[in-house]
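Heads up: the sequence shown is residues 261 to 542, going by this note's numbering. Encoded as structure tokens, the structure appears first; notes follow it.
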Amino acid sequence: MAGELYVCATPIGNLEDITFRALRALREADLIAAEDTKRTRALLSHYDISVPLLSYNAHNRKQRVPAIMAKLKEGAKVVLVSDAGTPGISDPGPLLVAEARKEGIPVIPLPGPSALSAALSICGFDMPQFTFTGFLPRREGEREKLLLELRESGRGVVCYEAPHRIEDALASLAKVWPEAKVALMRELTKIYEEVLVGSPAELAAELARNPRRGEMVLVIAGDKEGGREKAPSQDQIQETVLALMERMDKKGAIKEAAAELGIPKRLVYQAVIDLPGRGEMD
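This is the structure:
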């Protein structure tokens with residue numbers, strides 16, 4: 261008889277934020293597949309739970325899946341946990357879940373803490389529709405291109421960010437979406453939990469004055485919530501540049517279009533890079 265795979269949410273900071281059902285599943289498990297064994301061991305110790313742990317993370321997931329699947333096929337009860345929060349959200353969980361489903365193994369959710377839902381619950385923004393991006397791209401160009409696309413959608417945005425990259429994220433946001441209404445959450449459910457709300461420039465200035473540590477969540481209100489006009493689409497940018505190129509070279513048209521549309525010149529350039537032009541670009 262096949263076993264069962266439990267996908268178990270664990271605390272994102274406060275160890276009291278765990279359900280009775282999750283604790284029972286952890287106690288009764290034959291094996292716990294943990295993204296961060298050190299962190300999970302601390303949780304288990306707090307609740308006096310002693311169950312074998314197996315490291316399962318982004319670096320070893322492909323190697324670990326066969327061993328975990330073998331246990332499940334033998335009838336074992338396996339609990340999957342991430343380093344914090346709900347597995348399957350910006351972590352390696354989906355690979356194991358997909359394989360279990362493929363093999364007909366029951367997959368059972370044990371809902372609970374999530375930085376995503378926690379941030380949405382206290383941001384104060386009305387966001388019936390939103391896009392969750394996980395972590396923003398590391399490269400500036402890719403990050404700003406994504407943020408422009410998100411702004412164009414009109415929906416709210418939720419993303420995770422590391423403390424050593426938050427300044428770059430806010431700088432890109434200030435370029436692409438300067439009037440955005442942003443809530444920055446830090447250390448959710450922990451002793452030094454903090455929520456800052458403002459424009460990208462205001463938040464960047466505050467962090468410059470008083471640098472913060474800890475994992476962060478950014479919630480960006482959509483255009484409807486923030487009361488802003490929708491950003492121009494790529495087609496609109498291209499049409500504007502083509503019209504301007506009737507009386508000036510491509511380089512000048514890009515500069516003029518950026519001023520007319522109220523967006524960074526870099527983003528106009530990205531939208532029209534393949535358009536033919538009379539002038540050379542820097």
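Note that CB positions come from ideal geometry on N, CA and C, so glycine has one too.
Name the two residues that bound the continuous alpha helix (DSSP H) containing F390.
From DSSP, F390 is part of no alpha helix (DSSP H) but of the beta strand (DSSP E) over F390 to F395.
Taking DSSP as the reference, what is the three-state secondary structure of M329?
Reduced to three states, the DSSP call for M329 is helix.
Curious, which full-length beta strand (DSSP E) runs of at least 3 residues does the stretch 307-368 contain?
As far as the stretch 307-368 is concerned, its whole beta strand (DSSP E) runs of at least 3 residues are 313-315 and 337-341.
Mind reading off the beta-carbon distance from K331 to G263? Whole number of angstroms is fine, and I expect it under 8 Å.
About 7 Å; that satisfies the 8 Å criterion.
Taking 9 Å as the threshold (C-beta atoms), are R526 and G401 in contact?
Yes, the Cβ-Cβ distance between G401 and R526 is below 9 Å.
Bridge partners for V417 per DSSP, in chain order?
In the DSSP output, where bridge partners are listed per residue, V417 has T391 and I480.
For the beta strand (DSSP E) that L291 lies in, which residues bound it at each end?
Its beta strand (DSSP E) spans residues L291 to A294.
Assign R403 to buried or exposed, taking buried as 16 or more other Cβ atoms, counted over all protein chains shown, within 10 Å of its Cβ.
With 16 or more other Cβ atoms within 10 Å, it is buried.
Could you spell out the range, first to last residue, of the beta strand (DSSP E) harbouring Y266?
Element bounds for Y266: E264 to C268.
Please state whether DSSP places R446 in a helix, a strand or coil.
Here R446 sits in strand by DSSP.
With burial defined as no fewer than 16 other Cβ atoms inside 10 Å of the residue's Cβ, what is the status of R446: buried or exposed?
That one is buried.
In this structure, does DSSP put E453 in helix, strand or coil?
In this structure, E453 counts as coil in the three-state DSSP scheme.
Mark L275 as exposed unless 16 or more other C-beta atoms lie within 10 angstroms of its C-beta, in which case mark it buried.
Classification for L275: exposed.
Evaluate the contact criterion for the stretch 290-308 versus the stretch 329-346: three or more CB pairs, one atom per stretch, below 8 Å.
Output reads yes: the stretch 329-346 touches the stretch 290-308.
Between which residues of its own chain and S350 is the CB-CB distance below 7 Å, once the five residues before and five after are set aside?
Taken in chain order, the residues that qualify are G394, F395 and Y420.
Quick one: what does DSSP say L275 is sitting in, helix, strand or coil?
Looking at L275 - three-state DSSP - the assignment turns out to be coil, as it is neither helix nor strand.
According to DSSP, is G384 part of a helix, a strand, or is it coil?
In the structure shown, G384 sits in coil (DSSP, three-state: anything other than H, G, I, E or B).
Take the Cβ of Y307 as the centre, count every other Cβ of all protein chains shown within 10 Å, and call the residue buried at 16 or more, exposed below.
Exposed: under 16 other Cβ atoms inside 10 Å.
Using three-state DSSP, classify G458 as helix, strand or coil.
Strand.
Counting Cβ pairs closer than 8 Å, one from the stretch 511-522 and one from the stretch 491-502, do we hit at least three?
They touch, by the three-pair rule.
With which residues is L370 paired in a DSSP beta bridge?
Partner(s): C268.
Assign F280 to buried or exposed, taking buried as 16 or more other Cβ atoms, counted over all protein chains shown, within 10 Å of its Cβ.
Looking at its Cβ environment, which holds fewer than 16 other Cβ atoms inside 10 Å, F280 is exposed.
Please list, in chain order, all residues of the same chain as P366 whose beta carbon is under 6 Å from its beta carbon, the five residues on each side excluded.
These residues qualify, in order along the chain: E264.
Measuring alpha carbon to alpha carbon, tell me which residue in G348, A443, L370 and L356 is nearest V457.
Taking only the C-alpha atoms, the option nearest V457 is A443.
Determine the contact status of R411 and M387, defining contact as a CB-CB distance below 9 Å.
No, Cβ-Cβ distance for R411 and M387 is not below 9 Å.
For A422, report the span of its alpha helix (DSSP H) as first-last.
Taken as a continuous stretch (DSSP letters only), A422 belongs to no alpha helix (DSSP H), as it is neither H nor E.
Assuming V267 and A289 are in contact, meaning their beta carbons sit under 8 Å apart, how far apart are those beta carbons, in whole angstroms?
With 8 Å as the limit, V267 and A289 do not qualify as a contact, their Cβ atoms being about 12 Å apart.
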